[in-house]
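Residue numbers (UniProt numbering): 1 to 192.
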């Protein structure tokens, strides 16, 4: 049986549609219990933060790691060569912990629609050699490649990625939608 997780699917009308189709819907507490990521009462645990004990804070140029969060391709604009991946992580309440990563000037990408655990970083020499053998050297500028997962199978060739994190309702627009940043003092941002 395949499970559909409500925190990744989105608005309520879509959930009702899935229920009518006979597909099982798993709430956050049940999903957390199944993954072993819940306390004794079934409440999902919060996700680990960045360096310095503050969530989402990373040193400039360091990898952006969210190993327990699942990201989706949220938007790709072919005309402007921009890619946005996003994770909405339900921790209870009306707002969700949201993380978005924006890539500009995308020239090549190899990724799945859902990235299970984000490990955004530069590839090492052995990973570059493996990727060159699999995808060829002529079409990719390896100086601008960013790996997205721990195994190094998903990657994007683009300019420096930027990330933003904060708590938002699921229907709120993207952090990169053109409004002033940060909107709230607790919002975090950075670049790789």
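Note that beta-carbon positions come from the ideal geometry of N, C-alpha and C, so glycine has one too.
Secondary structure at residue 122: coil, using DSSP grouped into helix, strand and coil.
Short of 6 Å from the beta carbon of residue 65, and not among the five residues preceding or following it, lie these beta carbons of its own chain, in chain order: 119. Contact between residue 176 and residue 166 does not hold, since their C-beta atoms are separated by about 12 Å, which reaches or exceeds 8 Å. According to DSSP, residue 82 shares a beta bridge with 77. Residue 96 sits close to residue 170, with the two beta carbons spaced by under 8 Å. A direct Cα-to-Cα measurement between residue 135 and residue 109 gives close to 10 Å. When the alpha-carbon of residue 143 is set against those of 113, 107, 117 and 172, the nearest one is in 107. Contact annotation, residue 146 with residue 156: C-beta distance approximately 5 Å; criterion of less than 8 Å satisfied.
DSSP, reduced to helix, strand and coil, places residue 127 within a helical segment of the structure shown. In this structure, residue 69 sits away from residue 161, with a CB-CB distance that is not shorter than 8 Å. Per the C-alpha coordinates, the member of 168, 128, 179 and 158 positioned closest to residue 78 is 158. Counting the other Cβ atoms within 10 Å of the Cβ of residue 154 gives 16 or more, which makes it buried. Relative to residue 183, the option among 140, 168 and 104 whose CA is nearest is 168. Burial check for residue 149: the Cβ neighbour count within 10 Å reaches 16 or more, so the residue is buried.
Note on geometry: alpha-carbon atoms of residue 100 and residue 84 lie some 7 Å from one another. For the 8 Å CB-CB criterion, residue 72 and residue 81 do not form a contact.
Counting of Cβ neighbours within 10 angstroms places residue 90 among the buried residues, the total reaching 16 or more. By the beta-carbon neighbour count (other beta carbons within 10 angstroms, threshold 16), residue 116 is exposed.
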